Structures are given as C-alpha cells and as structure tokens.
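Student: Pasting in a structure now, in structure tokens, and then I'll have a few things to ask.
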Amino acid sequence: MVRKKYTWKQLAVGAALIILFLGNLTFYIWYQSESIRLGYRIHELELKVEQLKEEIKELEAKKESLLSLERIDRVAREQLQLQDLKPEQIIFEPQVER
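Heads up, the final residue of the sequence shown is numbered 97 in numbering that gives the first Met the number 0, and it's a clean run with no missing numbers.
In structure tokens form, the structure reads like this:
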C-alpha cells in the first residue's frame, strides 16, 4: 500500500478550509449565544417597562388625589385655618381707562 503525498498547495487549501469551517462554527456559536442573551435582556426590559407603567399609574392617581379641590379646601381650612372671605374684605381696584 502506497501512501499518497500531498503537495504544499493542497495542504494550504485544506488548512484554509479547516480554519474557515472553525471560524464559521465559532461565529455561529457566538451568534446563537448573543441571540439568547439579547432575548433575556429584552424580556428584562419589557418587565421593567410594565413596572414603570404601573408606577406611572400610581403616581397619576396620587397626583389627582393631591390636586383635588376638596382636599385643597380641607387642608386650607383645617391646617392653615383659612376661611371664606366676607364681602367687606374684598377690595376692588378701580378700572383704568385706556
């Protein structure tokens, strides 16, 4: 049995093909792992968006309750001891003619 000898050109082409295959395999594995990592990151960010939407709803409700006229009137009367104006306390500025 005679062993076939390869030329340098054939060895170089074979080595180049092996390197190209390994490079493609490495890229494919990296691409898949990045896709999985980005999928997890997207899921985390979607959860954060939902959490922030809930927080916005809560803050809007709190804002509405703090700005309600009934609450403002109650705070003005109870905490600041403000009262309704009497007619004699109202001072009108004379209108300036132009």
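We put the CB at the ideal spot given by N, CA and C, even for glycine. Here the structure is a predicted model, which is why all the values come from computation and not from measurement.
Taking the alpha-carbon positions, what's the Ala15 to Lys8 distance?
Tutor: Rounded to the nearest angstrom, the two C-alpha atoms are 10 Å apart.
Student: Could you give the distance in angstroms between the alpha-carbon of Lys61 and the alpha-carbon of Leu84?
Tutor: Whole-angstrom Cα-Cα distance: 30 Å.
Student: Going by DSSP, what residue range makes up the alpha helix (DSSP H) through Leu37?
Tutor: Leu37 -> alpha helix (DSSP H) spans Trp7 to Leu65.
Student: Assuming Ser64 contacts Arg70 (C-beta within less than 8 Å), just tell me the rounded distance between them.
Tutor: Indeed, because the Cβ distance is near 7 Å, the residues count as touching under 8 Å.
Student: Roughly how many whole angstroms lie between the Cα atoms of Glu45 and Leu81?
Tutor: Glu45 and Leu81: Cα-Cα distance of roughly 48 Å.
Student: Going by DSSP, what residue range makes up the alpha helix (DSSP H) through Val74?
Tutor: Leu68 to Glu77 is the extent of the alpha helix (DSSP H) around Val74.
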